[in-house]
Structures are given as structure tokens and as C-alpha cells.
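In what follows, a single structure is set out as C-alpha cells and then discussed.
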Amino acid sequence: MEQRKLKIRDLTLRDGQQSLFATRMKQSDIDHLLPLYEDANFYIMEVWGGAVPDSVMRYLDESPWERLRTVSNAMKGKSLLSALSRGRNLFGYVPYPDSVLEGFYKEAINNGLNVMRIFDALNDLDNVKESIRMINELGGIPDGAVCYTVDPKEEKPSGFFARLFAKAPEKIFTDEYFVEKAVAMEKYGAKIITLKDMAGLVNPARIATLIPALKNAVKVPVDFHTHCTPGYGLASSLVAIIKGVDILDTNIWWFGEGSAAPAIELVYVFCKKLGIELEANMEAVGRIRDELYQIRRSLAAFDLNKDNFPKAFNPLTDTLPQEVDALFDAAINAAKADNEEKLLEACHAIEAYFGFPKPNETVKNAEVPGGMYSNMVAQLKSLGSSDLLDDAMALIPKVRRDAGLVPLVTPTSQIVGSQAVSLAIDRKKGNKDYSTPSNQFVSLVKGEYGHTPVAVNPDFRAAITGSPEEIPYDVNKYRKPENPELPEYGGVKLAKNQEEYLLLELLPTVANTFLRKRRAEEYEATKPAEAELPQAKEEPELPAETDTAPVTGPVVEAPMPGTIISVSVKPGDTVKSGQCLLILEAMKMENEIESEGNHVIKRVFVKPGDTVAADAVLVEFED
């Protein structure tokens, strides 16, 4: 009998660094690793998508397109290159029309991308079918990802009779639910089906039924993607292997485990004991692993476990202590016997021996992705409200139910998490719930992101959006962003080609800043030739005039710290109650700041690009 084989999708250069180090890996570090990756024999390398396009511009001042091209040119087709895309949302936080989707996929494939993993945060198939079709037509490989989630924990009814007569709510996220989505994606043309467990919530018992169900239902390869944050990742991956999964997502040692996917080195040990050939060159993986150690050291500022590195381990040369080797055998035996308790016990002991982080009980109990949790921690810290973390976490199930029981994956995880934070702040200030709904939350409840797993309560929708009716996204309302000429930089366009313009479409705020800096640098580079020209005498710059008159009229204050995206009013304007005055970006969400009454604008204290603190005065009205 031919030896069974397991293909590997390596996540190290994308999801691994995103999960552990907030996507701060520089291009120079990636360039250093790529020659080593040529011999690794990974079936797929995930190198792009997710937070990469945003983060490399925002934090590293690097071009996402240049990153993709560089990786593609270096790999020379040795492994398939993949990216993660949010279906109709691509890499942004709003739905886009088909023209934007097609333009983006075309550029990505032309720049060397092979596999596009497509998911929708609502598991709404209408949001993925056109992407699957386009990628097939453009010569790419569409990977249809079904987002795994769980039914939220229900509050226990109080009182004897309430408990006696309470009916358990109907389960929504059954095996049949996920299989139905997978079958539909295959029908639309997906060449791979991924069970995308973005929060690491699928436990071994559940994966034991779900992987066989998926394998029996579809003919294309099945991939399993998970995270180790709540403590299930390694154990569930072992069960997935035993149950016949075709492709497994892993990271290389120093970039694995914790809030990331399992380490390939531990998976290799399991496969060797199971008699399964892991399709990767582990000697080449070892050379990459050696280099990753120093790279991780250089990312210490973003590493939550920088003082708690795992032990070094080379599965090809290191002999495990007898008691540790026995743990791998115990895990395999428990997995085959469907003994989840013993399996988790053995896997946690393995991870503890090597020094990987313990299961995050907070994330496990809250049933949220680790990245969502860390984002909320960072958001509340920036708001000076870290004391509200427990309150915000406790509000997540409420916000999720109110919004139609949405799975928690980008962008809905960010939308729900940010709204839970806002809700906690509202309650602290004594405001009514949802006093500050973000634009994205309003769009989600309205129906613009697609059909939610369960219908939104019409009364709640009316309170948030002004109408009880579900209103889908209208592509006719899409307005292409401006691409202005920049006279200060010689009259060049802000985006000088199609790929740069796509960045403006997908990530307008961060791309605007990034591209302006690029144009400024290019303009400055032309100045040496002008240096010999007579220089006009510079007039001393006078300090800008500031309006220091005391504020006497009614004001609008910032509900939280953030950045001003746009201002819609000027002094002298008459505004009505509910009219949008400006847009404040906070926690990556856009918040419309509205007038609470009919007023005349006296002064506007901010402009686009300004950073404001909580409770800063934004607008003053006439008395």
C-alpha cells in the first residue's frame, strides 16, 4: 500500500508573523529567508493578504505589491504562493463592487500569486461566488474557506420556573451547516476547501466528525486551518491528520504555537509515528528555523512572549526524553480512541515541555480569536480605559447576537470587538447602548455586508440604521476615490499606476499617507540637479494663527481618541439634528459624529488628519 502523504501550507511569512508579532516582519528579513524556502518543498506558502497590505504600509513604509513580486521572483514557482482575501471585502472593511474585485485579483495573479483563499465573514455564499469565478478565469486557484464558529453561550435563565420551562435555543452552527457551505463553494469552482478555524475553537471531538463529513461531501482537497490560542490547535490538528485531511496549515518553530497555528516540527513527529509522509524537506525547514530565531529576537517589541522563548528543537537530530516521546504516543492513542480529555492532556504536556504558551483561558471562555482579544486590549489601552476590558469582553456575545450571530473573523471580529468596546464606554459614561455605532457596524446591521446567519431583529435594525428593512450593499453607490495631482511634488498624481490606485480603493486612509510619502521622496530625489540654481531668500515662517477665544456655545466632543478622516461642515453652516458633522476613525472603524440638534456652526476645531483625544472639543455651535 502506498504511504499516505500530508501536504503543508506554511503560514510563517503571513499568518504566523501576524498572529505573534502584529505583521512587523520587514522585507529585508523575508528576502534573507527566501533562498532557504526554495528547497523546503511546501505545497503552498501563504505570503500575502490578511493584514499584510495594511500593515506593511502603515508600520513599515513598504509596498504590498513589491513584497508579493519579490517573493514570487525569488521562489521561481517552487511552491504555490497564497493570499488570504475577505471575499467582497478584499483586505478592507467595506464591500466592493465586482470591478474592484476583478482588478485586484488580476493584479495579484499577474504579480505572482497562485492561490487566493477566499472567505466571507458571514459565510454568505453570495459574497464569494463571483470571486471564485474570477480567479478561475484569471488562471488562479480559488481556495474556498468556510469560517468555523460556535453558537454563543446562552445566559442561564433565573428562577425555578424559568429554568424548568426554558427551551434550549436551536443550534445554528452544526456540521451540516459547514458542509453545506463547502459543497456550494466546490460547485462554484473552488479547487481547495479550507475549514478556517480562525479562533482555534474547534475541539478534537468536533474535528473528528467534521473532517470526515467534509471529505465525504467534496472531491477537492480539504485543508485545515486553526490556531493554538485556546489550547485545541495541536490536538485538533492531530485528529484532522488521522481523519484524512489533505493539507494542514503550520508554522515553523519560532513562529508557531501560542496564538498561531501548530509548529510543523511537532506535526512531523506525529506523522512519523503514524507512518504518514509529511511533504516538506525538514532539513531545509531546519535552516529556515535557525534564521527565524534571530528574526524573532529582532521583533521583541511586538512579541508578547519575548521573555519566554520555547526550547530549541530539531526533530531530525534531537532525541526526546523517554517520558516526552511517550506523550506523543499517548496523544495518538487518545486521538484514535476519541478520548478528548486524555488527548488534550498529552498535547498540553508536550507544549509545556517545549515552553510554548499555555492555553489562553480568557480567549477560550470568551470564544473569540486571539487577534481580536489583543486588538481590544490595545484599543482600550489607547483609550485610557483598560479597566473596561472585562466589561467589553462580556458584551461580545450581546453585540454578536444583536448583529445577527455573525462569526468572529476579520472584518466582523474587528467590527464587533470595537463596538463592544464602545458599548462598554457608553455604559461607563451613563449613555444608552449603541450611542456611538461605527459606520461599519451600521452597515453590518443594515445588511450591506450580506446575509447574517440569523436575521437581525427589525426593531434593533431600525434603532441603529433608521429602517427595519434589510438593505443590501448597492454597488451603484460606490464612488471611486480621487487620485489628485500633487502640485507640491511637481504635479504628479498621488497614485501613479493601477496597483497603487487599488491600494487607494482598498485602504484609503493608510494608502493616502503611504503614497504621499512615496511621492515626496521621489520629488526630493530630483532636487540635487536643482541645487545650483539661485535660492530665493526664505521668509521666516510665522506661527499659524489660532482661535483662542473661549468656548461659550454648545459643543460636540470626541467620544474616544482617534483620527479625523473628513469634515463635512464649516462655520456659518446650518445643521439639522442627526446630520453628520465629521468622521472620526478609531480602532480602525469609522464613526460618524452627528449633531444632536438643529444648530448653526460657530467654529470647527479640527481638520482631516488631526489626531484627537477623548472628549476633545471638535465643533462649537452658536449660542
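Numbered per the working numbering, the sequence shown spans residues -12 to 610. Beta carbons: idealized from backbone N, C-alpha and C, even for Gly.
Check: Curious, which full-length alpha helix (DSSP H) runs of at least 4 residues does the stretch 213 to 241 contain?; Outcome: 220 to 229
Check: Report yes or no: do the stretch 233 to 249 and the stretch 269 to 288 share at least 3 C-beta pairs separated by less than 8 Å?; Outcome: yes
Check: Using only CA atoms, which one of Lys230, Lys168, Gly127 lies nearest to Ala95?; Outcome: Gly127
Check: Roughly how many angstroms lie between the CA atoms of Arg503 and Ser72, to the nearest whole one?; Outcome: 26 Å
Check: Looking only at C-alpha atoms, which of Ser582, Pro308, Lys589, Lys557 sits nearest to Pro621?; Outcome: In the structure as shown, the chain starts at -12 and stops at 610, and residue 621 therefore has no counterpart that could be examined.
Check: In chain order, what residues of the same chain have a beta carbon less than 6 Å from the beta carbon of Trp35, not counting five sequence neighbours either side?; Outcome: Leu55, Ala70
Check: Should Ser86 be labelled buried (16 or more other beta-carbon atoms within 10 Å of its own) or exposed?; Outcome: exposed
Check: Suppose the cutoff is 7 Å on Cβ atoms and the five residues either side in sequence are ignored; what does the same chain contact list for Lys416 look like?; Outcome: none
Check: Classify Leu20: buried if its beta carbon has 16 or more other beta carbons within 10 angstroms, exposed otherwise.; Outcome: buried
Check: In the DSSP assignment, find the beta strand (DSSP E) that holds Lys(-6) and state where it starts and stops.; Outcome: -8 to -3
Check: In chain order, what residues of the same chain have a beta carbon less than 7 Å from the beta carbon of Ala195, not counting five sequence neighbours either side?; Outcome: Val226, Lys230, Asp325
Check: Kindly list the residues whose CB is nearer than 7 Å to the CB of Lys(-6), restricted to its own chain and excluding five residues on each side of it in sequence; keep chain order.; Outcome: Tyr30, Asp233, Ile234, Glu266
Check: What are the residues that DSSP puts in a beta bridge with Arg590?; Outcome: Glu607
Check: Leaving aside the five residues before and after Pro548 along the sequence, list all residues of the same chain whose C-beta is less than 7 Å from its C-beta, in chain order.; Outcome: Ser369, Leu370, Ala573, Val599, Ala600, Ala601
Check: Would a C-beta distance cut-off of 8 Å place Ile402 and Leu23 closer than the cut-off?; Outcome: no
Check: With 8 Å as the threshold, decide whether the Cβ of Cys215 is near any Cβ in chain D.; Outcome: Chain labels in this structure do not include chain D; a single protein chain is all it has.
Check: Excluding the 5 residues flanking Lys158 on each side, which residues of the same chain have their C-beta closer than 8 Å to its C-beta?; Outcome: Asp138
Check: In chain order, what are the residue ranges of uninterrupted beta strand (DSSP E) at least 3 long that sit wholly in the stretch 156 to 198?; Outcome: 179 to 183
Check: Using CA atoms only, rank isn't needed, just tell me which of Glu577, Tyr46, Asn295, Phe608 is closest to Phe501.; Outcome: Tyr46
Check: Leaving aside the five residues before and after Pro249 along the sequence, list all residues of the same chain whose C-beta is less than 7 Å from its C-beta, in chain order.; Outcome: Cys215, Gly220, Leu221, Ser224, Thr237, Gly243
Check: Helix, strand or coil for Asp377 per DSSP?; Outcome: helix
Check: Report the option in Tyr340, Asn295, Lys323, Lys298 whose CA atom is closest to the CA atom of Gln309.; Outcome: Tyr340
Check: Quick one: grab the DSSP three-state call for Phe147.; Outcome: Confidence in Phe147 is poor, its pLDDT being 48 and thus under 50, which makes the residue's placement unreliable; the coordinate value appears in the next sentence. Note: Phe147 maps to helix in three-state DSSP.
Check: Look at the Cβ atom of Ile451, then the Cβ atom of Tyr476, and state whether they are nearer than 8 Å.; Outcome: no
Check: Thinking C-alpha only, which one of Val593, Pro459, Asp210 is nearest Asp(-3)?; Outcome: Asp210
Check: For Cys258, which residues in the same chain have their Cβ closer than 8 Å to its Cβ, ignoring the five residues on either side in sequence?; Outcome: Leu(-7), Ile228, Glu264, Leu265
Check: Using only the alpha-carbon positions, how far apart do Glu25 and Asp130 sit?; Outcome: 23 Å
Check: Which complete beta strand (DSSP E) runs does the stretch 478 to 504 hold, if anything under 3 residues is left out?; Outcome: none
Check: Where do the N-terminal and C-terminal ends of the beta strand (DSSP E) with Met677 fall, by residue?; Outcome: Nothing about residue 677 can be reported from this structure: the residues present for the chain run from -12 to 610 only.
Check: What residue from Thr423, Val189, Pro468, Lys116 has the CA that sits closest to Gln485's CA?; Outcome: Pro468
Check: Quick one: Cα of Asp111 to Cα of Gly437, how far?; Outcome: 6 Å
Check: Check whether the stretch 329 to 344 touches the stretch 286 to 301, counting contact only when three or more Cβ pairs, one atom from each stretch, lie closer than 8 Å.; Outcome: yes
Check: Considering Cα atoms alone, identify which of Asn362, Leu382, His335, Glu338 is closest to Asn352.; Outcome: Leu382
Check: Any idea what DSSP makes of Met103, helix, strand or coil?; Outcome: strand
Check: Cα-Cα, which of Lys323, Asn190, Tyr80, Val254 is closest to Glu354?; Outcome: Asn190
Check: In whole angstroms, what separates the C-alpha of Asp113 from that of Val443?; Outcome: 18 Å
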